[in-house]
DNA sequence: GCAAGGTC
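Structure below.
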């Protein structure tokens, strides 16, 4: 008989076997899954690692049909739990047969308890043996031994808390997703799924809120007064104390008081040292934020790289909330190894030779899960790239190493100088900053902090005033949300976990709700329309509150205050209420979303795409029917915006031209003329001369007042006076003709250049009344 | 086909 233990993952199982077996264990394999066997106190032990959850909730098969089951019905039925990783289930059953006792040894948290219960459920189908729980937070000899010497009882409440989340998330996600997707498909053809979820939707909500703030932003005027001071040729700038002045009169008053002043007084000078502490050790969220901000790598990719670095033994486990090292953390071995990389040698020797010893600047979070992300081994760029074939592998490794080193280095020190300058009675502020001691910044050069110098002057000194400026300006709209900011918002609001935040961001990208351009996120039309309609109908869904409410129910289950069933039914009621709000506003939702989907389709149909509908912001495109053609909105029938088009002639939409009168687009009709959508033919327009300036070559030799204009038509070309004197002149009809910038020295007309195929190009004056006529210059190409 | 959470 054997004592069987289940850990959350293989790596943990091996650690446990190593510690409990005192380095003496045997690795066996069942169904390709490692089982570690060893002896302890005369007993046989078997430890295996699962792979996170091995079961998952789903609806019974008869509810799989999206069209056959009204989505709302999903809220009234109970999902069932099914095994998703059969090979692990097999190993659990196999080990249960030989077990005299089972110890659940997954991570010490809510999901870990739940994963243990999955193993428990499968094992209990096979054998009735005592099932215990080993609780540990680190893989130290002492903690592991204690955890397995005195295992406790499994915590059903904790495990059921996770179960509550699983059921409520599935119900809400499935019902909402099916409903929105199917409703939109009634009006617009799309194979895409429009998903809604308790984490992904608030995540999109953050991007939407920022975008909305940008779109609704109204810039405000302000004035700013600055002065350039001259201290013995050293020029520095100060800003008037009033800062941003919203009223022009006020700024003008100040200017009037100091106009023409040539000297200023150094009224006050303060110098203080400011130290900048190194960053806390890296936890997952902080790591993802920095990788995005410094390296421009998406959270999803960063986590994937960190996972590979971890599996290759280069860095530690990448999923942790902790940003504090344990008291007995061994920095020395790692530091010695890091010195192998020449980029780190100097920093390492600084750290190990510090008189006060090696000291970490620890953060406040100790989630008792894993140590902060840190390097395990020092490696060169070539080594890392040879081990991990992912773009960005080395820069991510380098970031982790530099962060680790920076954290152990002394604070940087800056000297901050403030000058209060007085021009008459008006106060101006100037600030300077000089790095006195670089400390950790030596190794961590991701954020550059440039020095800003001020001249060496003292209180009571006077300086010259070179110029005083009153600059009119406008307040700037908020900036687009960055991926790093989004991660912060998610973390603060409890949306997702350290390990899932990147997935939620990725889901939104995959659904076409928002996209990343470099570090910044931009909402896409579908995402904006979805959020806007949800904001109108079920605003709670796009805000973090929805997660918080479910989280509170879960917490009550965890605390044993309510049962899982009670929590599920309360939670389901909450979802039903939201679902009712959603269905009540179906029309609005569908109109906006189907319009946005059709707009995307129209935008890719370049030939017929016209532009944005002024009435509804969807797409305008050319519609051709048996009765002719016109420009219509994809939002039809909800939007009936239309424009007529000329009845004949091939139409080409000009992408480079905008109609100054506000036509929706400018079209070429045949090769004959232009037409502005919503305005009409360009030749009837008073703006035509501005839009299509005639090409003139010189003054009219007959009336002397008009200019000779080049007229080109299908069958030929000639010159015609722009005034009504009626003078015309023919031009050679063969070859490609261009009017040159160069002028005829005799008559002042622009020279012409004609190139016939197979012949040399000719440049000449075309003026029949010019004395230069006939003096054609040959030009070889 | 739908969620979010583990882990690979």
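Residue numbers (the UniProt record's numbering): 1 to 781. Every residue, glycine too, gets a C-beta built ideally from N, C-alpha and C.
Nearest to residue i (by Cα), restricted to the options the options
i: residue 432; options: 454, 524, 257, 411; result: 454
i: residue 409; options: 428, 446, 375, 351; result: 351
i: residue 392; options: 313, 456, 450, 292; result: 292
i: residue 148; options: 5, 724, 546; result: 5
i: residue 440; options: 466, 403, 75; result: 403
i: residue 512; options: 152, 190, 183, 23; result: 190
i: residue 460; options: 406, 434, 549, 423; result: 423
i: residue 165; options: 761, 754, 552, 595; result: 552
i: residue 655; options: 577, 63, 616, 610; result: 610
i: residue 184; options: 275, 696, 594; result: 594
i: residue 268; options: 429, 73, 742, 314; result: 429
i: residue 265; options: 319, 25, 425; result: 425
i: residue 38; options: 50, 389, 18; result: 18
i: residue 275; options: 562, 411, 338; result: 411
i: residue 492; options: 545, 451, 447; result: 545
i: residue 188; options: 438, 526, 726, 681; result: 526
i: residue 219; options: 258, 25, 708, 475; result: 475
i: residue 445; options: 470, 467, 399; result: 399
Residues bridged to residue i (per DSSP)
i: residue 785; result: Any answer about residue 785 is impossible in this case: the structure gives the chain only from 1 up to 781.
i: residue 56; result: 82
i: residue 611; result: 620
i: residue 633; result: 620
i: residue 226; result: 239, 469
i: residue 39; result: 44
i: residue 102; result: 4, 131
i: residue 324; result: None, per the DSSP bridge assignment.
i: residue 696; result: 709
i: residue 276; result: 412
i: residue 380; result: Bridge partners of residue 380: none, in fact.
i: residue 34; result: 29
i: residue 644; result: 630
i: residue 221; result: 474
i: residue 422; result: 265, 427
i: residue 522; result: 515
i: residue 231; result: 234
Residue i: first and last residue of the uninterrupted alpha helix (DSSP H) it sits in
i: residue 374; result: Counting along the chain, residue 374 falls outside any alpha helix (DSSP H), and DSSP gives it neither H nor E.
i: residue 162; result: 156-187
i: residue 617; result: Looking at the DSSP string, residue 617 is not in any alpha helix (DSSP H), and its letter there is neither H nor E.
i: residue 796; result: Past the edges of the chain, shown from 1 to 781, lies residue 796, and the structure says nothing about it.
i: residue 409; result: That residue, residue 409, is in no alpha helix (DSSP H); it is neither H nor E in DSSP.
i: residue 251; result: 248-258
i: residue 17; result: 10-20
i: residue 547; result: 545-558
i: residue 116; result: 110-124
i: residue 306; result: 299-311
i: residue 447; result: Per DSSP, residue 447 belongs to no alpha helix (DSSP H) and is neither H nor E.
i: residue 149; result: 141-149
Range covered by the beta strand (DSSP E) that runs through residue i
i: residue 236; result: 234-240
i: residue 427; result: 426-437
i: residue 289; result: That residue, residue 289, is in no beta strand (DSSP E); its alpha helix (DSSP H) goes 284-295.
i: residue 29; result: 26-30
i: residue 528; result: Here residue 528 belongs to no beta strand (DSSP E); instead the alpha helix (DSSP H) covers 525-537.
i: residue 654; result: 651-654
Proximity test, residue i beta-carbon vs the ligand SAM heavy atom, cut-off 8 Å
i: residue 457; result: Although the ligand SAM was asked about, the structure shown includes no ligands whatsoever.
Problem - Contact the region 338-345 vs the region 412-419: 3+ CB pairs below 8 Å - result: no
Exercise for the section: Specify whether the region 24-31 and the region 4-13 touch according to this definition: at least 3 beta carbon pairs, one from each stretch, less than 8 Å apart. Expected result: no
Practice task
Give a yes or no on contact between the region 161-176 and the region 129-136, applying the rule of three or more CB pairs nearer than 8 Å.
Solution key: no
Problem - Sufficient close CB pairs (3 or more, under 8 Å) joining the region 523-532 to the region 198-213 - result: yes
Problem - contact_flag[the region 640-647, the region 614-631] where n(CB pairs < 8 Å) is 3 or more - result: yes
Handout entry: Runs of beta strand (DSSP E) wholly within the region 705-775 (minimum 3 residues, chain order)
Key = 707-713, 716-721, 728-730, 736-743, 750-755, 761-764
Exercise for the section: Any chance you could list the beta strand (DSSP E) runs of at least 3 consecutive residues sitting entirely within the region 483-520, in chain order? Expected result: 514-517
Handout entry: Cβ contact (3+ pairs, closer than 8 Å) linking the region 47-60 and the region 76-85
Key = yes
Exercise for the section: Pair every Cβ in the region 165-180 with every Cβ in the region 514-523, then say whether three or more of these pairs are closer than 8 Å. Expected result: no
Exercise for the section: Mind the definition here: the region 475-491 touches the region 277-297 only if three or more C-beta pairs lie below 8 Å; say whether that holds. Expected result: yes
Exercise for the section: Evaluate contact between the region 488-505 and the region 557-568, counting only Cβ atoms and requiring at least three cross-stretch pairs below 8 Å. Expected result: no
Practice task
Would you check if there are 3 or more beta carbon pairs closer than 8 Å linking the region 306-313 to the region 358-368?
Solution key: no
Exercise for the section: Kindly confirm or deny that the region 382-392 and the region 330-339 touch, where touching means at least three C-beta pairs closer than 8 Å. Expected result: no
Practice task
Check whether the region 572-587 touches the region 500-510, counting contact only when three or more Cβ pairs, one atom from each stretch, lie closer than 8 Å.
Solution key: no
Handout entry: Cβ contact check for the region 659-667 and the region 596-615: 3 or more pairs under 8 Å
Key = yes
Problem - Inter-stretch contact at 8 Å, needing at least 3 Cβ pairs: the region 691-703 / the region 713-731 - result: yes
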